[in-house]
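Report on the structure given below.
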Amino acid sequence: YHAKTAGGNTYSLHDVRGAVDDGTLPMETELRRALERGQLRLEYQPQVATRNGALVGVEALLRWQHPHFGEVSPEQFIPVAEAAGLIGSIGEWVLHSACRQLAAWDDQGVSIASMGVNLSPRQLRDPAIVDKVRAALTASGIAAARLELEVTESEMLFQLDADRYKLAALRDLGVKIAIDDFGSGYSSLGRLLQLKIDRLKLDRCFVLELEPQGDTRAGAITAAILSLGEALGVELVVEGVETEAQFELLSRQGFQVIQGYLTGRPMSPAAVAQRFTEFAGRSEAGCVHG
Ligand code: C2E
Ligand code: MG
Ligand code: MG
Ligand code: MG
471 YHAKTAGGNT YSLHDVRGAV DDGTLPMETE LRRALERGQL RLEYQPQVAT
521 RNGALVGVEA LLRWQHPHFG EVSPEQFIPV AEAAGLIGSI GEWVLHSACR
571 QLAAWDDQGV SIASMGVNLS PRQLRDPAIV DKVRAALTAS GIAAARLELE
621 VTESEMLFQL DADRYKLAAL RDLGVKIAID DFGSGYSSLG RLLQLKIDRL
671 KLDRCFVLEL EPQGDTRAGA ITAAILSLGE ALGVELVVEG VETEAQFELL
721 SRQGFQVIQG YLTGRPMSPA AVAQRFTEFA GRSEAGCVHG
């Protein structure tokens, strides 16, 4: 993939990837301007109740459409934003946009119970993060309990007392805290004891290995995490559910909320509204039981 800019510079996908490693041009420069140029937007992925298919929440996922790079994955540009010191302003925009969208749906009669927003480790360490979250809630009029901040376990995160205090301070605002990608990377069950959290989002690596018979090792792990969550009073969401077989198995095991391509890819606000309205229509017609 090659594209020419008006200035005659040639960018390639390789440059985009390379920028992640050396933290320089061109992605960093372009990302700096992405906000003001309106190249960033949010998509929303449904979180669905296994019981009846109801839309119980959404996760906001950041998208960057660049005129030459095309659609750049957040897996690529979030690390660049972090390294370049841009995650603060981008993250603030995400918080405000997501809360504003939730309020806009409310106005349309589309009542989505909760909105998940991802926070990177850098953002959590921002001394102003509590104020920024509070400001987004105030500006949109959204009740704190409807906002769920997703933090991913990483090597550094939660090792420091400061991180735990910060999470506690956020939780004191009334927002929910979720551990994202739980069970992958640097998860530690010991940390779980020290943290006050509301939800675990089970990493999709377990789901990938699930088999329909339900007697696999992966199935044993999902079942164990389910009972762990229940014992700790923590809600669970399973990420990355792609097939009916996975859905059936997880549902049978007792998982109540799932998120994955099977029940909806990340989509536009209008598509979420349509999904919500369709479901409401079916419920009224008596087609949904439970
Ligand atoms: P995440 O928070 O764990 O988000 C879930 C990712 O899995 C999303 O990728 C989603 O599109 C993808 N996914 C959902 N269901 C399925 C499925 O059934 N199968 C497969 N294969 N994938 C599925 P996405 O949107 O590319 O985001 C990647 C990561 O980028 C996110 O992982 C999150 O860590 C980060 N990210 C996204 N938006 C933001 C943001 O606004 N702020 C920050 N700090 N990070 C963000
Ligand atoms: Mg997430
Ligand atoms: Mg995740
Ligand atoms: Mg992830």
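Take the sequence shown: its letter number 50 is residue 520 in UniProt numbering, and every next letter is one higher. Glycine included, every Cβ here is placed at the ideal spot set by N, Cα and C. The model shown is predicted, which means the values in this text are computed figures rather than measured ones.
Check your understanding: Considering only the beta carbon of each residue, do Leu619 and Leu670 sit closer than 7 Å?
Key -> no
Point to revise | Start-to-end residues for the beta strand (DSSP E) that takes in His536 | key: 525-536
Point to revise | Of the residues Pro549, Glu562, Ala583, Ala573, the one placed nearest Gly611, counting alpha carbons only | key: Ala573
Review point. To the nearest angstrom, how far is it from the Cα of Gly493 to the Cα of Val550?
Key: Reliability of the predicted coordinates at Gly493 is poor, the pLDDT of 44 falling under 50, and the value obtained from them is presented with this limitation in mind. One C-alpha to the other measures close to 6 Å.
Check your understanding: Near Glu754, which residues of its chain fall below 8 Å by C-beta distance, leaving aside the five closest residues on each side in sequence?
Key -> none
Review point. Thinking C-alpha only, which one of Ala606, Ala690, Asp596, Arg595 is nearest Val587?
Key: Ala606
**Study point:** Beta-carbon proximity check, Leu696 vs Gly724, cutoff 7 Å
**Key:** yes
Review point. With respect to the beta strand (DSSP E) encompassing Lys671, which residues constitute its N-terminal and C-terminal limits?
Key: 669-672
**Study point:** Leu607 - containing alpha helix (DSSP H), residue span
**Key:** 599-610
Review point. Relative to ligand 3, is the shortest distance from any of its heavy atoms to the C-beta of residue 765 smaller than 6 Å?
Key: The chain is shown only over 471 to 760; residue 765 falls outside these bounds and no answer can be derived.
Review point. Is Arg650 near ligand 2, in the sense that its beta carbon is under 6 Å from a heavy atom of that ligand?
Key: For the record, residue 650 in the displayed sequence is Asp; it is not Arg. Under cutoff, so the answer is yes.
Check your understanding: How many angstroms separate the CA atom of residue 467 from the CA atom of Ala694?
Key -> In the structure as shown, the chain begins at 471 and stops at 760. Residue 467 is therefore absent and cannot be evaluated.
Point to revise | C-alpha distance - Arg595 paired with Ala740, whole-angstrom precision | key: 34 Å
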